[in-house]
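Undergrad:
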Amino acid sequence: MLQMVSFQHINAILELTDRLGLSREWVEIPLSVATPGVVRKLDNGKLEIVVDANTPFDEWLTTLEAQIKRVTSS
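In this text, residue positions in the sequence shown follow numbering that gives the first Met the number 0: the first is 0, and each later residue adds one.
(1) Using a threshold of 8 Å, state whether the C-beta atoms of Glu14 and Glu27 are closer than that.
(2) May I ask which residues mark the beginning and end of the beta strand (DSSP E) holding Lys40?
(3) CA-CA distance, Val38 and Val70?
(4) Reducing DSSP to helix, strand and coil, say where Val50 ends up.
(5) Based on Cα-Cα distance, which residue from Ser72, Leu30, Arg18 lies nearest to Ser5?
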């Protein structure tokens with residue numbers, strides 16, 4: 000079970016969001032994890048990405064692109 004988001008985790012997430020053309024200024028990644036993790040658009044328009052605590056990070060990361068596309072397409 001993941002306890003906290005590390006710098007390496009943040010870098011991996013930002014590599015993905017960079018590839019999707021999302022500005023880093025509009026992405027928020029809390030250091031705390033949650034069960035379940037969540038990707039949502041905040042009231043200020045920014046994208047919040049909360050890492051799932053119970054899913055191994057690398058496995059969760061493979062689902063992140065689809066989660067981002069689902070949120071940003073609406």
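Glycine included, each C-beta is placed from N, C-alpha and C at the ideal position.
Keep in mind that this is a model prediction, so the values were computed, not measured.
TA: Taking the coordinates as given:
(1) Position 15 of the sequence shown, counted from the first residue, corresponds to residue 14. Position 28 of the sequence shown, counted from the first residue, corresponds to residue 27. The answer is no: Cβ separation not under 8 Å.
(2) If you number the sequence shown from 1, residue 40 lands on position 41. Here the beta strand (DSSP E) through Lys40 covers 37-40.
(3) As a first step, residue 38 is located in the sequence shown; it is residue number 39 there, counting from the start. As a first step, residue 70 is located in the sequence shown; it is residue number 71 there, counting from the start. Val38 and Val70 have their C-alpha atoms roughly 7 Å apart.
(4) Taking the sequence shown and counting its residues from 1, one reaches residue 50 at position 51. It is coil, neither helix nor strand.
(5) The residue you call residue 5 lines up with position 6 of the sequence shown. Answer by Cα proximity: Leu30.
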